[in-house]
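Numbering (full-length UniProt numbering), first residue to last: 1 to 186. We treat Cβ as the ideally placed atom computed from N, Cα and C, and that holds for glycine. As the structure is a computational prediction, the values presented were derived from the model and not from experiment.
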Amino acid sequence: MDVRLRELHGNWDRGFALDKHTRISTYLGDDEWGHPVFDTTRSPAGEALYQLKYRQDWSQTLPIALQIAESIYPRLPDVGCIVPMPASRVRPRQPVLEIATALGRIVRRPVLSGILSRVPTGQALKDIGTKAARAAVLAGRIMLHDGIPGSKRRNVLLIDDRYDTGASMEEACRVLRVTRKSQAFT
């Protein structure tokens, strides 16, 4: 998979994305039901994620995880565990959990899938315009359960499937740092 690694900045120690999700999206008009139609060109990583998340093509999980293991994981010092971001939408299978689990197997690190949850906000974050407005809606909505096992400090690799403003990741990192047992990488 051809990627253009992007460094991400926020309240985490180091953060990366494989690429932008969408390269070009052109509005074509509305369909017969009045829904907007777009001609969209995605990056290879964006297309793989789109197929996984919206077309339930689970065969995309391993290539995405392998690319994270190759392009991002070596840039992060001594990752102790992997934590998937809590999903904003209930699905029978969660793409971010599938990616985190596959990555955990590849790099031989534990995946702590139940330690973060998200209280529903009642609105889609993608419909909220600014990062500040998203952060206000998310404040206190990401909860830490059980904490990070063990008594020693660990570097946590926080995995999300898409990055837009970083508001969700920042709230999750804030919550994880409350334990005082983690450095956060995204």
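Counted within 10 angstroms of its Cβ, other Cβ atoms place residue i as buried (16 or more) or exposed
i    : result
W58  : exposed
V96  : buried
M169 : buried
Y54  : exposed
Y27  : exposed
E32  : exposed
A100 : buried
E70  : exposed
R154 : buried
Q94  : buried
G34  : exposed
A45  : buried
Neighbourhood of residue i by C-beta distance below 6 Å, restricted to the same chain and skipping five residues each side
i    : result
A135 : A167
Q51  : D57, Q60
R4   : D19
P110 : C81
Contacts around residue i, its chain only, beta-carbon distance under 7 Å, and the 5 residues preceding and following it disregarded
i    : result
L8   : G15, F16, A17, Y163, G166, T186
I128 : R134, V137
Simplified DSSP state of residue i, which is helix, strand or coil
i    : result
E32  : coil
I128 : coil
M1   : coil
Y54  : helix
L8   : coil
T121 : coil
Y163 : coil
I24  : strand
L49  : helix
G15  : coil
R154 : strand
Residue j beta carbon less than 8 Å from that of residue i
i    : j    : result
I106 : A65  : yes
D161 : L49  : yes
I68  : L112 : no
L157 : V178 : no
I142 : E171 : yes
P63  : M1   : yes
Close beta carbons around residue i, own chain, < 8 Å, minus the five adjacent residues each side
i           : result
G29         : P36, V37
residue 200 : Because residue 200 is not part of the residues shown, which for the chain are 1 to 186, the question remains open.
A87         : Q94, V96, L97, R118
Q123        : V137
V175        : L116, I142, M143, L144
Below 8 Å, how does it come out for the region 117-134 and the region 61-81: are there three or more Cβ pairs, yes or no?
no
I want to know whether the region 8-23 touches the region 39-55 - three or more CB-CB distances under 8 Å.
Touching, yes.
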